[in-house]
Amino acid sequence: MNLRRYLPALLLLVGPLSASRHTPPAAGPFREDAAFFWQTVHDDYAYFDQKQTDWDRVRARYLPQADTVRSRRALVRLLEQMLQELYDHHAALGTNRPDSPRLVPSGADVYAEWEGGRAVVRELRPGFGAERAGLRPGVEILSVGGVPVAQARQPYQPQCLRAPDAAADNYALNTLLAGRHDQERRWRIRSGGAETDVQPDQPRNLLENPPPRRRLDSRRLGRVGYIRINNCLFDHGLIPAFDSTLTALADTKGLVLDLRDTPSGGNTTVARALLGRFITQEQGYQRHELVNEQRQYGIRRFWLEMVAPRPAAYRRPVVVLAGRWTGSMGEGITTAFDGMKRATVVGSPLARLRGGIYSYRLPASGISFSIPVEKLYQLDGTPREQFEPKVTVKPAADPAQDPALDKALQLLR
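The sequence shown maps to residues -21 to -1, 1 to 392 in mature numbering (1 follows the signal peptide of the UniProt record, and there is no 0).
Okay, here's the thing in structure tokens:
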């Protein structure tokens, strides 16, 4: 990696940000930030080979606009527009405006895809507004805020593509459906031939104000143990909580580990701590590739990340539940269990967030951003984002049912 270029950003990571918050820099520094952002993504982003993005066109389209930027708020909007040209939900700014779109999947409660020109719901986040408003898999979304959905998604549609890409269309659709931080969502939907207006953020906006939860929930389902992680794989406090819970379930004949609500991902320390409770010898669990080293020197760099056993190992059969809100490190843990042949994975397609992210800080404004820099692979060399559960279960039409958990219990009993 070119450490000389990273040095200003690394120094700012430990420096105070108060000046950038209270004294906005002039137009020159904003142009410097936009140029730094473009160059960093150009050099380090790992997945250009899987995108139709023309990053040189991004520079030509957006960098001249930086000369007219006079506020930090305006810079954030410009950076958001540049970033969405990657149509990558694993790339994000570390700040937002009130009218910024929410992050996907952590700030979303519905996943949809384009099908024959129709926006069709595939999966819903249990307990959140879209499900409570009556949406179910197969429902068609007709309009958002009174605007036909194909038109409403245009502000989030990448503009600098070499060729059309269905993945870019679905990116824009799901960004639209996640909504803005400052605006309640209003949709018109079609279900069973009938059209209905719904407000998924009424009576309470659960995406902006989620109910408090413990790090994990656990219970016994007969002789089978059940542990659900509540979106905290980034919290080192999960490690002792998980340890004590697993110890209390040590006498069970099998375990269900539910990772279906881990959209914010986490870190490898927590991941290795959890995985280490299920093995008795050191094992590899994930392959990494640092793409920018090959770009700079022509030499590929791979490595295998290892996990060490921790006392006391749980040796009984395990089923991992995963789905669209299993994201980032949640996906890493899921694929690790599968690759180490330590669990059967049951559920639906995962969030499919690409790569391992690195964080940077812009030299003038102090705004941080993260992009995938490492490509990640399963143990067999398959890209992590291509993982599919060994046992696929369609999401239930009835929120009171949980066919994935039912299948897990069937496998363990």
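Ideal placement from N, C-alpha and C gives every residue a C-beta, glycine not left out.
{"Query": "Residue range of the unbroken beta strand (DSSP E) whose run includes F281", "Result": "F281 to V286"}
{"Query": "Cutoff 7 angstroms; reference N153; Cβ partners in own chain excluding five residues on either side", "Result": "V83, A87, Y90 and A91"}
{"Query": "Cβ distance (whole Å) where V352 is taken to contact D23 below 8 angstroms", "Result": "5 angstroms"}
{"Query": "Residue(s) in a DSSP beta bridge with P351", "Result": "I336"}
{"Query": "The stretch 207 to 217 touching the stretch 230 to 250, judged by at least three CB pairs closer than 8 angstroms", "Result": "yes"}
{"Query": "R198 - DSSP class collapsed to helix/strand/coil", "Result": "strand"}
{"Query": "Supposed contact pair C139 and E59 - C-beta distance, whole angstroms, cut 8 angstroms", "Result": "With 8 angstroms as the limit, E59 and C139 do not qualify as a contact, their Cβ atoms being about 14 angstroms apart."}
{"Query": "Inter-stretch contact at 8 angstroms, needing at least 3 Cβ pairs: the stretch 257 to 272 / the stretch 355 to 370", "Result": "yes"}
{"Query": "Close-in-space but distant-in-sequence residues of the same chain around T323 (CB under 7 angstroms, 5 per side omitted)", "Result": "V298, K369, V370 and L390"}
{"Query": "Reference G318, options P43, R363, R279 and S349, closest by Cα", "Result": "R363"}
{"Query": "Backbone CA spacing between A387 and I312 [nearest angstrom]", "Result": "17 angstroms"}
{"Query": "Residues near F15 by beta carbon distance below 7 angstroms, same chain, minus five either side", "Result": "L341 and P342"}
{"Query": "For D78, the nearest candidate out of R159, R132 and R97 (CA to CA)", "Result": "R159"}
{"Query": "Contact test: G318 Cβ vs the ligand NAD heavy atom, cutoff 6 angstroms", "Result": "Ligands are entirely absent from the displayed structure, and the ligand NAD is therefore not among its contents."}
{"Query": "Rounded separation between P116 and G73 - CA only", "Result": "32 angstroms"}
{"Query": "DSSP state of G204 mapped onto helix, strand, coil", "Result": "strand"}
{"Query": "Three-pair Cβ contact test at 8 angstroms for the stretch 111 to 128 versus the stretch 18 to 32", "Result": "no"}
{"Query": "Start and end residues, beta strand (DSSP E) containing R167", "Result": "W166 to S170"}
{"Query": "Whole alpha helix (DSSP H) elements within the stretch 222 to 296, 4-residue minimum", "Result": "247 to 254 and 270 to 276"}
{"Query": "Three-way DSSP call (helix, strand, coil) for P362 in this model", "Result": "strand"}
{"Query": "First and last residue of the uninterrupted alpha helix (DSSP H) at G309", "Result": "M308 to G318"}
{"Query": "Cβ pair count under 8 angstroms reaching 3, the stretch 189 to 203 against the stretch 223 to 237", "Result": "yes"}
{"Query": "Collapsed DSSP secondary structure at T19 in the structure displayed", "Result": "helix"}
{"Query": "Nearest residue (CA-CA) to S327, options S349, S347 and A301", "Result": "A301"}
{"Query": "Straight-line Cα distance separating A252 from residue 393", "Result": "Residue 393 is absent from the model: the chain starts at -21 and stops at 392."}
{"Query": "Cβ separation of L269 and T305, assumed to be a contact under 8 angstroms, to the nearest whole Å", "Result": "25 angstroms between Cβ atoms; not a contact."}
{"Query": "Exposure of A287, with buried meaning 16 or more beta-carbon neighbours within 10 Å", "Result": "exposed"}
{"Query": "Distance CB(R321)-CB(F257) smaller than 7 angstroms", "Result": "yes"}
{"Query": "Extent of the continuous beta strand (DSSP E) to which D148 belongs", "Result": "Element bounds for D148: not the beta strand (DSSP E) but the alpha helix (DSSP H), A145 to A157."}
{"Query": "Same chain, Cβ closer than 8 angstroms to L285, five either side skipped, listed in chain order", "Result": "For the record, residue 285 in the displayed sequence is Met; it is not Leu. Answer for M285: E261, Q262, G263 and Y264, listed in chain order."}
{"Query": "Buried or exposed by the 16-neighbour rule on C-beta atoms within 10 Å, applied to S(-2)", "Result": "Only weak support is given to the placement of S(-2): the predicted model assigns it a pLDDT of 39, under 50, and the question is left unresolved by the model."}
{"Query": "Spatially closest choice to P137 from V128, A147 and G125, by CA coordinates", "Result": "A147"}
{"Query": "Supposed close pair L103, S344 - CB separation, criterion 8 angstroms", "Result": "37 angstroms between Cβ atoms; not a contact."}
{"Query": "Limits of the unbroken beta strand (DSSP E) element including D176", "Result": "A173 to V177"}
{"Query": "Assumed close pair A98, I120 - CB separation to whole angstroms, cut-off 8 angstroms", "Result": "4 angstroms"}
{"Query": "First and last residue of the uninterrupted alpha helix (DSSP H) at Y41", "Result": "W34 to Y41"}
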